[in-house]
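Structure first, then comments.
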Amino acid sequence: MNIGFVGLGIMGSAMAANLLKADFRVTVWNRSPDAYRLLEAGGAKVAGTPRAVAEVSEILFAMMATPAAVESVRDGAEGIIAGLRTGSGYVDMSTVDAETSRESSRLSHAAGGLFLEAPVAGSRKPAEDAALTIMAAGDRVLYDSSLPALEKMGRKILFLGETGNAARMKLANNLVMGGMLTALCEGLALASGSGLDTAQLLEILDSGAVSNPMFRLKGPLIAAGTEFPAAFPLKHMQKDLRLALRLADEIGQPLFATAAVNELYKSALAKGLGDEDFAAVCRVVRP
Ligand code: NAP
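Each residue of the sequence shown is one higher than the last, beginning at 118 in our numbering.
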């Protein structure tokens with residue numbers, strides 16, 4: 118199958134690499150050309166524009182930073198929609214709001230194509246290990262034909278119904294994650310500020326009901342105050358909190374804790390921590 122991949126950041130480059138390893142014929146595009154090099158060496162073809170990727174692909178996957186980034190590769194004369202053909206598919210795996218997804222769906226259908234939104238849970242390592250959780254919604258026919266490729270990127274794959282459902286589900290997931298990480302930062306700050314051993318706090322958390330892989334992975338690094346490479350950039354977590362709060366506004370759902378958590382992430386952005394891992398929000402909690 119001819120597969121396209123647009124958006125080769127932290128996640129997209131690892132996901133495209135797994136498709137290549139699985140012997141799909143993969144054509145890629147990214148705004149910054151540096152991102153191609155490894156994939157090209159692994160056998161990927163490089164196209165000149167998102168449109169050119171769509172023109173040679175039965176299914177095109179995209180993994181973009183933000184709703185604005187989705188629009189910038191989707192729309193216009195050189196965009197993905199301009200290259201869709203009757204029956205070809207556009208699968209957007211970026212974390213965006215439901216409105217952006219519905220517009221992608223509308224434009225794909227108007228061009229004779231099919232659309233699926235398929236945001237993911239899981240960070241750099243699960244992307245490399247093809248162990249992502251994939252939340253898909255939209256055209257069921259495209260879900261079925263994409264499944265062999267989705268299975269090379271994810272371990273748990275769910276079909277959630279109509280376009281917009283997966284986008285909203287992903288925001289609910291990340292709201293929980295952002296809040297949990299903030300609670301961990303505050304617990305560690307309280308422990309270390311009052312002279313307790315943070316390693317012991319992590320051990321106690323890990324042995325009880327709140328034990329989870331994220332605390333296990335990030336807890337020791339936060340406690341040690343070391344730098345660690347961005348797996349999930351802080352700027353993307355703040356974008357997800359912003360989109361979750363906007364959705365909550367639309368439906369009249371109060372999100373008391375998330376509103377406060379979002380302010381912390383905004384402060385971290387203002388301190389220039391946007392490109393660091395989202396765990397860097399701890400530096401706002403305890404500078
Ligand atoms: P990333 O490393 O920042 O990559 C973002 C991609 O978007 C890059 O290919 C970047 O191109 C492109 N891009 C940004 N603005 C653009 C624009 N205006 N025009 C064209 N291209 C643009 O992000 P990521 O971590 O891979 O995340 C991608 C998406 O997955 C985000 O929606 C994020 O919220 C979501 N996600 C991330 C994780 C994670 O742990 N990292 C986990 C789950 C979901 P350049 O290379 O040229 O900058």
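The beta-carbon is built from N, C-alpha and C at its ideal position, and this holds for glycine as well.
Whole angstroms are fine: how far does the CA of Asn291 sit from the CA of Ile176?
Going by the C-alpha atoms only, they are around 27 Å apart.
If you compare alpha carbons, which of Met181, Ala182, Thr183 and Thr144 is closest to Gly165?
Checked all of Met181, Ala182, Thr183 and Thr144; the closest Cα to Gly165 is Thr144.
Give the straight-line distance between the Cα atoms of Trp146 and Ile251, rounded to the nearest whole angstrom.
Their backbone Cα atoms lie some 22 Å apart in a straight line.
Backbone secondary structure at Glu344 - three-state DSSP:
Coil, per DSSP.
Which listed residue (Lys242, Ala365 and Ile197) has its alpha carbon closest to that of Phe232:
That would be Ile197, whose Cα lies nearest to the Cα of Phe232.
What I want to know is whether the C-beta of Gly239 ends up closer than 8 Å to one or more non-hydrogen atoms of ligand 1.
A distance criterion of 8 Å places the beta-carbon of Gly239 in contact range of ligand 1, judged by its closest non-hydrogen atom.
C-beta contact flag for Ala179 and Arg202 at 9 Å:
Contact check for Ala179 against Arg202 fails: the beta carbons are separated by 9 Å or more.
How about Met286: is its Cβ closer than 8 Å to a heavy atom in ligand 3?
Ligand 3 is not part of the structure shown, which contains ligand 1 as its ligands.
Can you tell me where the alpha helix (DSSP H) holding Tyr260 begins and where it ends?
Segment Arg257 to Leu267, the alpha helix (DSSP H) holding Tyr260.
Suppose you measure from the CA of Ile339 to the CA of Ser240; what does that come to, to the nearest Å?
Distance between the alpha carbons of Ile339 and Ser240: 17 Å.
Does DSSP put Asp140 in a helix, in a strand, or in coil?
Coil at Asp140, not helix or strand.
Quick one: does the C-beta of Lys273 sit closer than 8 Å to a heavy atom of ligand 1?
No, the Cβ of Lys273 stays beyond 8 Å of every heavy atom of ligand 1.
List the DSSP bridge partners of Tyr207.
Leu177 and Phe232.
Less than 9 Å between the beta carbons of Ser211 and Pro243, yes or no?
Not closer than 9 Å, so no.
Roughly how far, in whole angstroms, is the beta-carbon of Tyr382 from the beta-carbon of Gly296, given that I think they are within contact range, below 8 Å?
That pair is no contact at about 11 Å.
Out of Asn329, Leu224 and Leu267, which one is the CA nearest neighbour of Gly121?
Closest by alpha carbon: Leu267.
With a threshold of 8 Å, establish whether the CB of Ile127 neighbours any heavy atom of ligand 1.
Yes, the Cβ of Ile127 comes within 8 Å of a heavy atom of ligand 1.
With distances taken between CB atoms, is the gap from Ala316 to Pro330 smaller than 9 Å?
No Cβ-Cβ contact shorter than 9 Å links Ala316 with Pro330.
Would you tell me roughly how many angstroms separate the C-alpha atoms of His353 and Val190, rounded to the nearest one?
Distance from the CA of His353 to the CA of Val190, rounded to the nearest whole angstrom, comes to 18 Å.
Cβ contact (3+ pairs, closer than 8 Å) linking the region 267 to 284 and the region 252 to 259:
Yes: the two stretches touch, three or more of their Cβ pairs being nearer than 8 Å.
For Glu195, which option in Arg148, Ser324 and Ser309 has the closest C-alpha, if you only look at C-alpha atoms?
Glu195 has its Cα closest to that of Arg148, out of Arg148, Ser324 and Ser309.
Give a yes or no on contact between the region 219 to 226 and the region 304 to 314, applying the rule of three or more CB pairs nearer than 8 Å.
With the cut-off at 8 Å, the region 219 to 226 and the region 304 to 314 do not touch.
Does Gly296 come out as helix, strand or coil in the three-state DSSP assignment?
Here Gly296 sits in helix by DSSP.
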